[in-house]
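Scroll down for the structure; my scribbles are underneath it.
There are 2 protein chains.
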Amino acid sequence: MDPPENNIPRPVRCIIKLGGSSATEKDKFETLNESLVSTTAKQLKEAFVTLSGKQHTMDWSRGSDYDQANSLPEDSSYSGFQLDLTLFVVVHGAGSYGHFQAKKGRVNLGDLAEDYVKAGFVATRISVTKLNHEIVRALAKECIPAVGVSPFCAGWSTRNRLLERENVADVQRLLQAGLLPVVHGDAVLDSGQGCAILSGDVIIRQLAETLKPSFVVFLTNVPGVYDRPPSDPNAVLLKEIAVTNGTWKIVDPPEVERGMKVQTSVAAHDTTGGMETKIAEAASIASCGIPVLVVETGSRYALEALKGTPINDRGDWVGTLIRQARSDELDN
Amino acid sequence: MDPPENNIPRPVRCIIKLGGSSATEKDKFETLNESLVSTTAKQLKEAFVTLSGKQHTMDWSRGSDYDQANSLPEDSSYSGFQLDLTLFVVVHGAGSYGHFQAKKGRVNLGDLAEDYVKAGFVATRISVTKLNHEIVRALAKECIPAVGVSPFCAGWSTRNRLLERENVADVQRLLQAGLLPVVHGDAVLDSGQGCAILSGDVIIRQLAETLKPSFVVFLTNVPGVYDRPPSDPNAVLLKEIAVTNGTWKIVDPPEVERGMKVQTSVAAHDTTGGMETKIAEAASIASCGIPVLVVETGSRYALEALKGTPINDRGDWVGTLIRQARSDELDN
Numbered sequence: 001m002d003p004p005e006n007n008i009p010r011p012v013r014c015i016i017k018l019g020g021s022s023a024t025e026k027d028k029f030e031t032l033n034e035s036l037v038s039t040t041a042k043q044l045k046e047a048f049v050t051l052s053g054k055q056h057t058m059d060w061s062r063g064s065d066y067d068q069a070n071s072l073p074e075d076s077s078y079s080g081f082q083l084d085l086t087l088f089v090v091v092h093g094a095g096s097y098g099h100f101q102a103k104k105g106r107v108n109l110g111d112l113a114e115d116y117v118k119a120g121f122v123a124t125r126i127s128v129t130k131l132n133h134e135i136v137r138a139l140a141k142e143c144i145p146a147v148g149v150s151p152f153c154a155g156w157s158t159r160n161r162l163l164e165r166e167n168v169a170d171v172q173r174l175l176q177a178g179l180l181p182v183v184h185g186d187a188v189l190d191s192g193q194g195c196a197i198l199s200g201d202v203i204i205r206q207l208a209e210t211l212k213p214s215f216v217v218f219l220t221n222v223p224g225v226y227d228r229p230p231s232d233p234n235a236v237l238l239k240e241i242a243v244t245n246g247t248w249k250i251v252d253p254p255e256v257e258r259g260m261k262v263q264t265s266v267a268a269h270d271t272t273g274g275m276e277t278k279i280a281e282a283a284s285i286a287s288c289g290i291p292v293l294v295v296e297t298g299s300r301y302a303l304e305a306l307k308g309t310p311i312n313d314r315g316d317w318v319g320t321l322i323r324q325a326r327s328d329e330l331d332n
Numbered sequence: 001m002d003p004p005e006n007n008i009p010r011p012v013r014c015i016i017k018l019g020g021s022s023a024t025e026k027d028k029f030e031t032l033n034e035s036l037v038s039t040t041a042k043q044l045k046e047a048f049v050t051l052s053g054k055q056h057t058m059d060w061s062r063g064s065d066y067d068q069a070n071s072l073p074e075d076s077s078y079s080g081f082q083l084d085l086t087l088f089v090v091v092h093g094a095g096s097y098g099h100f101q102a103k104k105g106r107v108n109l110g111d112l113a114e115d116y117v118k119a120g121f122v123a124t125r126i127s128v129t130k131l132n133h134e135i136v137r138a139l140a141k142e143c144i145p146a147v148g149v150s151p152f153c154a155g156w157s158t159r160n161r162l163l164e165r166e167n168v169a170d171v172q173r174l175l176q177a178g179l180l181p182v183v184h185g186d187a188v189l190d191s192g193q194g195c196a197i198l199s200g201d202v203i204i205r206q207l208a209e210t211l212k213p214s215f216v217v218f219l220t221n222v223p224g225v226y227d228r229p230p231s232d233p234n235a236v237l238l239k240e241i242a243v244t245n246g247t248w249k250i251v252d253p254p255e256v257e258r259g260m261k262v263q264t265s266v267a268a269h270d271t272t273g274g275m276e277t278k279i280a281e282a283a284s285i286a287s288c289g290i291p292v293l294v295v296e297t298g299s300r301y302a303l304e305a306l307k308g309t310p311i312n313d314r315g316d317w318v319g320t321l322i323r324q325a326r327s328d329e330l331d332n
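Chains as they are written, first to last, in full-length UniProt numbering: chain B, 1 to 332; chain P, 1 to 332.
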């Protein structure tokens with residue numbers, strides 16, 4: 001592979017949102033959903049291998065396999081995942097880590113001089129970084145060069161709960177170094193009120209707008225976006241949605257016509273992770289011309305999404321494709 | 001307490017270096033020295049209480065005590081550690097976390113395109129952040145508002161193993177918000193060679209030079225600085241050392257006269273944590289007019305050091321005070 005031209009960053013392939021309700025057992029205090037996180041790590045690896053044609057079997061999460069690492073052949077065709085060609089970012093939610101502490105400590109109220117807020121802030125950070133650590137380790141076990149990035153440390157902060165400082169530049173730097181940044185929703189300083197919660201959804205939108213990935217994948221605990229709560233037996237899965245400035249149109253299935261207004265701004269404090277927030281975030285990203293795939297974590301459709309296949313050909317894929325509307329779709 | 005005047009940061013009280021050989025069981029892979037870390041957290045708390053006259057008993061490390069938190073009296077005299085008055089930073093080494101992976105993966109060689117270096121980098125980061133997490137949790141258990149700060153995430157990086165980018169500004173921001181930053185030696189990006197190890201000793205010098213704390217404490221696994229290896233039965237503890245530009249003088253005991261040259265620049269790759277490095281770093285900090293106390297972790301002398309007592313009156317304190325030489329000491 002030729003070295004890239006100086007100062008021209010390689011294009012980012014995909015930003016993945018791993019929802020808190022997929023990564024964790026949402027009702028059990030600080031409990032990882034090991035099975036789904038492990039499956040997702042394996043799928044991500046398979047997506048890389050498909051793209052790069054290379055495969056590794058080394059566990060990068062501990063020190064135990066280093067004799068194996070040191071005895072790798074010097075053959076350069078075998079040197080590492082070609083992440084240079086396939087830049088990915090993972091952003092994850094908090095699920096059963098952090099939410100409890102943030103709520104009890106009223107972190108989003110923001111007055112750090114209040115004892116319970118400061119206590120909540122400290123406890124929230126301990127909890128979300130613990131989850132980040134678990135997810136990074138699970139990815140490294142599959143030989144993915146994952147590195148944890150805490151927005152709190154990396155200079156992200158809010159002002160009255162809205163994003164004020166971001167640091168996409170350092171995420172870009174890690175990507176260009178061939179690493180896979182794993183970012184998470186976090187408790188951050190707030191220049192207006194003291195502290196606040198910065199949700200993974202706000203982070204992913206900021207990353208998407210700046211890094212302009214080929215596509216974004218939302219891994220959720222339901223098969224996609226429905227026209228009503230998925231628990232409703234009459235709920236219909238929306239397979240394809242075309243978005244333009246502030247409005248959307250359901251392309252498939254064609255009989256579900258609604259043309260509703262979509263809210264495209266979401267406050268940093270909205271960490272409920274509800275589907276409405278997700279649609280709004282996805283619509284906002286799709287409006288920039290970046291297709292978004294919403295799919296069930298761990299399913300075979302998730303693997304297809306990570307490979308980007310359904311963007312050009314949905315075939316029998318089960319999930320929701322949210323994309324920018326073409327000009328001929330705007331009038332309907 | 002009156003609010004501080006705008007834009008004038010409150011003075012930093014103390015930067016504490018918790019050595020890797022104190023925080024961990026150095027010969028056991030990824031094993032915390034729970035007893036010493038816990039004792040240090042308790043001592044730090046006691047040092048705060050002495051300074052602020054306030055005391056808390058809440059465990060801030062989990063969510064379990066939040067009902068207690070929520071039922072705190074609204075009396076403002078009881079609101080939180082007065083960390084506003086007593087700004088502290090903790091920097092810790094890696095000990096049995098990270099060193100093994102960094103060495104096996106030859107992280108300090110820096111070529112991230114090499115598979116084993118990238119693997120070592122990923123594994124080192126997982127390991128050092130795990131230790132950071134444990135230490136933050138131990139401090140939070142003693143109601144210290146500790147927050148982990150990874151230099152790798154926070155924009156610190158090297159160029160050919162020497163510090164190139166630092167981010168003391170964000171550490172200062174956390175201090176002014178009443179939090180206690182817990183920073184650690186880390187694997188970082190290197191703009192010359194790809195990646196490198198940034199040692200806690202380099203970080204602490206940078207923090208000290210910029211934040212200008214009242215004093216610095218090195219918590220080590222020996223009682224202080226000796227005139228020869230402490231294992232030597234003839235080794236003499238040096239109680240007070242006066243430093244000026246590049247030279248030092250042993251003030252106490254007066255019979256140990258050596259006047260040797262001290263190396264004041266230390267490469268980022270020197271992570272051995274040997275006493276020579278420590279003296280050099282301490283001398284470099286003391287040259288800026290910041291007294292340094294070297295003391296045995298967990299001892300009662302460590303508590304006195306954290307309170308800053310031995311700076312003005314060593315009394316029967318056991319440890320080493322390294323300070324800037326007075327003009328009348330320069331000629332001898």
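Backbone N, C-alpha and C fix where the C-beta goes; we use that ideal spot for every residue, glycine too.
Counted within 10 angstroms of its Cβ, other Cβ atoms place residue i as buried (16 or more) or exposed
| i | result |
| --- | --- |
| C153/P | buried |
| C288/B | exposed |
| K239/P | buried |
| P254/P | exposed |
| P145/B | buried |
Cβ-based neighbour list, residue i, same chain, cut-off 6 Å, excluding 5 preceding and 5 following
| i | result |
| --- | --- |
| D111/B | V117, G194 |
| P230/P | V222 |
| I311/P | F215, P291 |
Residues near residue i by beta carbon distance below 8 Å, same chain, minus five either side
| i | result |
| --- | --- |
| V107/P | Q101, V117, G120, F121, T124, A187, C195, A196, I197 |
| E296/P | L219, T220, N221, V222, P223, G224, A302, V318, G319 |
| S21/B | G93, G95, T220, N221, G273 |
| A113/P | G194 |
Distance cut-off 7 Å: residue i Cβ against heavy atoms of the ligand FMN
| i | result |
| --- | --- |
| N312/P | Judged by which ligands are present, the structure shown has none, so any question about the ligand FMN falls away. |
Whole-angstrom distance between residue j and residue i, CA atom to CA atom
| i | j | result |
| --- | --- | --- |
| G200/P | V168/P | 14 Å |
| L18/B | K278/P | 43 Å |
| N234/B | A41/P | 57 Å |
| V147/P | A177/B | 27 Å |
| V49/B | D170/B | 26 Å |
| D328/P | D313/P | 19 Å |
| D190/P | E142/B | 25 Å |
| F88/B | T210/B | 14 Å |
| E134/B | V182/B | 11 Å |
| L51/P | G315/P | 20 Å |
| R161/P | D232/B | 59 Å |
| C14/P | G192/P | 33 Å |
| K28/P | G98/P | 12 Å |
| T309/B | A325/B | 19 Å |
| residue 342/P | V12/P | In the structure as shown, chain P starts at 1 and stops at 332, and residue 342/P therefore has no counterpart that could be examined. |
| L321/B | H184/B | 24 Å |
Contact set for residue i: own chain, Cβ-Cβ below 7 Å, skip 5 residues either direction
| i | result |
| --- | --- |
| R205/B | E281, S284, I285 |
| I290/P | A208, K212, P213, F215, V216 |
| Y226/B | A235, V236, L237, L238 |
| K104/P | G120 |
| N245/P | S287 |
Which of helix, strand or coil DSSP assigns to residue i
| i | result |
| --- | --- |
| I250/B | strand |
| L237/P | strand |
| S157/B | strand |
| E255/B | coil |
| F100/P | helix |
| L189/P | strand |
| V122/P | helix |
| R228/P | coil |
| T309/B | helix |
| G20/B | helix |
| R326/P | coil |
| I15/B | strand |
| V202/B | helix |
| residue 335/B | Past the edges of chain B, shown from 1 to 332, lies residue 335/B, and the structure says nothing about it. |
Residue i versus the options, residue with shortest Cα-Cα distance
| i | options | result |
| --- | --- | --- |
| L36/P | H92/P, L87/P, R10/P | H92/P |
| L180/P | A325/P, T31/P, K45/P, E34/P | K45/P |
| N132/P | I8/P, E34/P, T309/P | E34/P |
| P9/B | A138/B, L174/B, T24/B | L174/B |
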